[in-house]
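Chains as they are written, first to last, in my numbering: chain A, 1 to 349; chain B, 350 to 698.
Even glycine gets a Cβ: it sits at the ideal position worked out from N, Cα and C.
A quick note: this is a predicted structure, and the numbers were derived from the prediction, not measured.
There are 2 protein chains.
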Amino acid sequence: MIQRLSQNPLIQPSDVRPSRPDFEVIGAFNAGVARIGDEVILLLRVAERLKERDPDWVTAPIWNTRTGEVDLFRARRDDEALDLEDERVFRYRGNFYLSSLSHLRVARSSDGIQFSLEDQPALFPACNTESFGLEDPRITQMGKDYWITYKAVSEHGITTALAQTCDFREFTRHGVIFCPENLDVVIFPKTFDGKYVAWTRPVGRHIGLPTIWVARSPDLLHWGDHEPVLAPRPGMWDAARVGSSAVPFLTAQGWLEIYHGADVNHRYCVGLALIDAEDPTKILARSEVPVMQPEAPYELSGFFGNVVFPCGVDLRPDNTLTLYYGAADETTCGASTSVNELLASLSTS
Amino acid sequence: MIQRLSQNPLIQPSDVRPSRPDFEVIGAFNAGVARIGDEVILLLRVAERLKERDPDWVTAPIWNTRTGEVDLFRARRDDEALDLEDERVFRYRGNFYLSSLSHLRVARSSDGIQFSLEDQPALFPACNTESFGLEDPRITQMGKDYWITYKAVSEHGITTALAQTCDFREFTRHGVIFCPENLDVVIFPKTFDGKYVAWTRPVGRHIGLPTIWVARSPDLLHWGDHEPVLAPRPGMWDAARVGSSAVPFLTAQGWLEIYHGADVNHRYCVGLALIDAEDPTKILARSEVPVMQPEAPYELSGFFGNVVFPCGVDLRPDNTLTLYYGAADETTCGASTSVNELLASLSTS
């Protein structure tokens, strides 16, 4: 039903020029997707770290709010105050650090397969809520405007910020629209009863599974009227957590949301939620089994293996689409399918 | 500087009529404060549990979304799947439960000391984000309207909801304004550059200490432009977490926020933040030592001892004020002070 592109991975870390000469790119993944005319735009998450690293030390690149430069926090691997969770994160004296710093980078393509990458970051950390990086953008087009939600991460927490562009050359930032902890935010491309609607993924320290919530806004900048809308399902492929992946798109049967779920082993898979055309809180159907799971070598292993993680689709007028996804937190891949095939999977599952 | 009232505790659980005959009230505390004419209004958090309890079992009263009744979740104390954190909360099979269910109740007084309590709840759980209860209200008066922020707690997480009243008899609910996890929300009683401003206390699962953030709104219902504003201070009395207590009030030197902080031993104390009159993100001064800490017997022990937790003040025209606070998560107490004394404590600390 979903065919991986034979050219996968479409973009690899080695395709991306580092933001400075002493850095190496270790991930080019989790891209938001937009179309301007004949061009497919990917807004990639580019993860970087120091190229020359002492094997006895772990390092975290952190954007410095005062200087505007990237500093390196270092801790000895044999330091008892160090708690190395996995390759992505570590804790030191109770504080949380990321082993890489991500920014957002534009790539353009006329065929949706061969992408040319810009040399410079499009959006780089620029304030104290972005000092650990910008991650996992989603792009909603309304008229000429493209609204970009992205994870803004810092020592203060994981938030979602909003930026706006018409051309992916100039960007206007609108600050943090969802305070900690909130990520995987997708904005529907139309209003409901005069309000914009987003699906968000808050999760608190004490109570509650990582669940998708709905929020409403008069202006895209201020959000309220939050309600839980799609929860993990015990014992199923999305038992441990769920989050929106692609911006929902309207089909003859309702809005189709391509979302991700993880089980208790942190295996990330992709499924579908069909949403009432008029009511973005009403789920009509949901994948009983994943429509996509880590299978290809570039999905099973990489910086963080066993992950397929889409952040957007290129939907064409003939109702075929390319799903762009991050593989193993390292590369950008594509897969082909059609709206009919996706909808059919829901009625038979 | 702050004198406890000799009549403390002003309100005890035994003063409150349970919401149903088989329940007992175990807490009447953490009250929001308002004034209507000559009357001081407290909106109390009333915590209840089943009166007759089998000592071999723990129980959690949960409001049932479908039936509108309160159910009792039970687990055997010797069940290996049970994790009894403290008297307030337990976990069972990884899920979080509260040992009591709270609602909000009105109490009225002409002297601010002797209160008469209403027989019935003012605000009781009414939707799926309130199934574990309503807690810790704060009240902001603007014109004739009183805006009530309160913790709405459920299996979906700890959120902050908004209600509105003119008389504390009829209430209009406005839903969840801050999604999980967010609590200790106070709304400033004036606008800044045309926007309402709140101090909020989000905390995420992964990164960040429990820190006060600021948020802005055009309409009190939708919020954005979040920024961290007041963080815990390592090694000090507010090292582990901070949260707003009373709604800020304007003094000659700026807004005065009476906030709470806890250290790593969960000892809750009270301190002050002086905030620029024109800029609700600019902290001018902050208490180096608490202005109030658990000392009285009714503060040192109770349902959860070592806690003083104000949620509001009654500020009089002569700049004297009564601080109403929850003691040991059980009773409502009062303390007298004046704006001058509070401000003086900041300049000497």
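Figure out for me which residue from the options has the closest Cα to the Cα of residue i.
| i | options | result |
| --- | --- | --- |
| SER99 of chain A | A:CYS269, A:VAL46 and A:PRO61 | A:PRO61 |
| ALA285 of chain A | A:MET292, A:ILE275 and A:GLN293 | A:ILE275 |
| LEU392 of chain B | B:THR498, B:ARG442 and B:ASP460 | B:THR498 |
| ASN689 of chain B | B:VAL591, B:TYR673, B:PHE445 and B:ASN668 | B:ASN668 |
| ALA580 of chain B | B:SER636, B:TRP572, B:LEU569 and B:ALA601 | B:SER636 |
| ARG20 of chain A | A:ILE2, A:GLN7, A:GLU52 and A:SER6 | A:GLU52 |
| LEU261 of chain A | A:TRP255, A:TYR324 and A:VAL270 | Correcting the residue identity first, residue 261 of chain A is Gly in this sequence and not Leu. The candidate whose alpha carbon is nearest that of GLY261 of chain A is A:VAL270. |
| THR129 of chain A | A:GLU118, A:LYS190 and A:THR160 | A:THR160 |
| GLU382 of chain A | A:ASP111, A:LEU10, A:SER131 and A:ILE26 | There is simply no residue 382 of chain A to check, as chain A begins at 1 and stops at 349 in what is shown. |
| GLN7 of chain A | A:CYS333, A:LEU346 and A:PHE304 | A:CYS333 |
| ALA613 of chain B | B:GLY603, B:LEU621, B:TRP604 and B:GLY584 | Note on identity: in this sequence residue 613 of chain B is Val, with Ala being the wrong assignment. Here the closest residue by C-alpha is B:GLY584. |
| ALA328 of chain A | A:ASN95, A:ASP314, A:PRO9 and A:ILE2 | A:PRO9 |
| SER301 of chain A | A:TYR97, A:ARG91, A:LEU5 and A:TYR268 | A:TYR268 |
| SER458 of chain B | B:ARG384, B:VAL407, B:LEU692 and B:TRP604 | B:ARG384 |
| TRP572 of chain B | A:ARG216, A:GLU227, A:PRO228 and A:ARG316 | A:ARG216 |
| ARG582 of chain B | B:VAL591, B:LEU664, B:ASP574 and B:GLU576 | B:VAL591 |
| ASP71 of chain A | A:PHE23, A:ALA246 and A:GLU278 | A:PHE23 |
| ALA475 of chain B | B:ALA512, B:GLY675, B:TYR495 and B:TYR608 | B:ALA512 |
| LEU315 of chain A | A:SER347, A:ALA246, A:TYR97 and A:PHE304 | A:ALA246 |
| PRO639 of chain B | B:GLU627, B:LEU670, B:ILE607 and B:PHE653 | B:ILE607 |
| ASP574 of chain B | A:MET1, A:ARG201, A:ASP225 and A:LEU220 | A:LEU220 |
| ARG353 of chain B | B:PHE439, B:THR671, B:LEU399 and B:SER696 | B:THR671 |
| ARG91 of chain A | A:VAL58, A:TRP147 and A:ARG66 | A:VAL58 |
| VAL535 of chain B | B:PRO567, B:GLU504 and B:LYS500 | B:LYS500 |
| ALA626 of chain B | B:ALA684, B:PRO597 and B:GLY654 | B:PRO597 |
| LEU695 of chain B | B:TRP604, B:VAL365 and B:TYR673 | B:TRP604 |
| GLU358 of chain A | B:ALA589, B:ILE526, B:GLY557 and B:MET350 | No answer is possible for residue 358 of chain A: it lies beyond the span of chain A, which begins at 1 and ends at 349. |
Buried or exposed: residue i, going by 16 or more other Cβ atoms within 10 Å of its Cβ?
| i | result |
| --- | --- |
| LEU84 of chain A | exposed |
| VAL563 of chain B | buried |
| THR211 of chain A | buried |
| LYS631 of chain B | exposed |
| ASP533 of chain B | buried |
| ASP405 of chain B | exposed |
| GLY386 of chain B | exposed |
| ASN413 of chain B | exposed |
| ALA693 of chain B | exposed |
| GLY675 of chain B | buried |
| ARG426 of chain B | exposed |
| THR67 of chain A | exposed |
| MET641 of chain B | buried |
| GLY143 of chain A | exposed |
Just how far apart, CA to CA, sit residue i and residue j?
| i | j | result |
| --- | --- | --- |
| PRO529 of chain B | GLY157 of chain A | 13 Å |
| GLN490 of chain B | ASP587 of chain B | 28 Å |
| HIS727 of chain B | SER593 of chain B | With chain B covering 350 to 698 only, the question about residue 727 of chain B has no answer from this structure. |
| VAL153 of chain A | THR600 of chain B | 36 Å |
| PRO367 of chain B | GLU397 of chain B | 7 Å |
| GLN602 of chain B | ALA273 of chain A | 54 Å |
| VAL203 of chain A | VAL313 of chain A | 26 Å |
| TYR647 of chain B | THR680 of chain B | 8 Å |
| GLN12 of chain A | PHE115 of chain A | 11 Å |
| PRO294 of chain A | THR172 of chain A | 36 Å |
| ARG88 of chain A | ARG45 of chain A | 14 Å |
| VAL40 of chain A | GLY112 of chain A | 6 Å |
| GLU118 of chain A | SER14 of chain A | 13 Å |
| TRP548 of chain B | ALA296 of chain A | 47 Å |
| PRO666 of chain B | HIS523 of chain B | 31 Å |
| HIS206 of chain A | GLU80 of chain A | 27 Å |
| ARG550 of chain B | GLY94 of chain A | 20 Å |
| LEU82 of chain A | VAL578 of chain B | 28 Å |
| TYR97 of chain A | GLU155 of chain A | 8 Å |
| TYR495 of chain B | GLY557 of chain B | 32 Å |
| ASP86 of chain A | SER336 of chain A | 32 Å |
Near-chain B residues of the segment 196-221 of chain A (beta-carbon distance less than 9 Å), N- to C-terminal order: Within the segment 196-221 of chain A, contact with chain B at the beta-carbon level (separation under 9 Å) is assigned to THR200, PRO202, VAL203, GLY204, ARG205, HIS206, ILE207, GLY208, LEU209, PRO210, THR211, TRP213, ALA215, ARG216, SER217, PRO218, ASP219, LEU220 and LEU221.
Segment contact, 8 Å Cβ cut-off, at least three pairs: the segment 644-662 of chain B with the segment 367-387 of chain B: Yes, since at least three Cβ pairs between the segment 644-662 of chain B and the segment 367-387 of chain B fall closer than 8 Å, the two stretches touch.
The segment 99-113 of chain A contacting the segment 124-142 of chain A, beta-carbon criterion three pairs below 8 Å: Yes, the segment 99-113 of chain A is in contact with the segment 124-142 of chain A.
Cβ contact check for the segment 510-524 of chain B and the segment 458-473 of chain B: 3 or more pairs under 8 Å: Segments in contact, yes.
Contact set between the segment 260-288 of chain A and chain B, restricted to residues whose Cβ is under 9 Å from the partner: Going along the segment 260-288 of chain A in chain order, one finds no residue with a Cβ nearer than 9 Å to chain B.
Segment contact flag, the segment 534-547 of chain B with the segment 182-197 of chain A, C-beta cutoff 8 Å, min 3 pairs: Using a C-beta cut-off of 8 Å, the segment 534-547 of chain B makes no contact with the segment 182-197 of chain A, since fewer than three inter-stretch Cβ pairs fall below that distance.
Within 9 Å of chain A by C-beta, residues of the segment 574-590 of chain B in sequence order: If the cut-off is 9 Å between Cβ atoms, the segment 574-590 of chain B has ASP574, HIS575, GLU576, PRO577 and ALA580 near chain A.
Near-chain B residues of the segment 178-189 of chain A (beta-carbon distance less than 8 Å), N- to C-terminal order: Of all residues in the segment 178-189 of chain A, PHE178, CYS179, PRO180, GLU181 and ASN182 have a Cβ within less than 8 Å of some Cβ in chain B.
Chain B contacts made by the segment 63-76 of chain A, where a contact means CB separation under 8 Å: Taking 8 Å as the Cβ-Cβ cut-off against chain B, none of the residues of the segment 63-76 of chain A qualify.
The segment 437-462 of chain B: positions lying closer than 7 Å to chain A by Cβ: Hits within the stretch, in order: PHE445.
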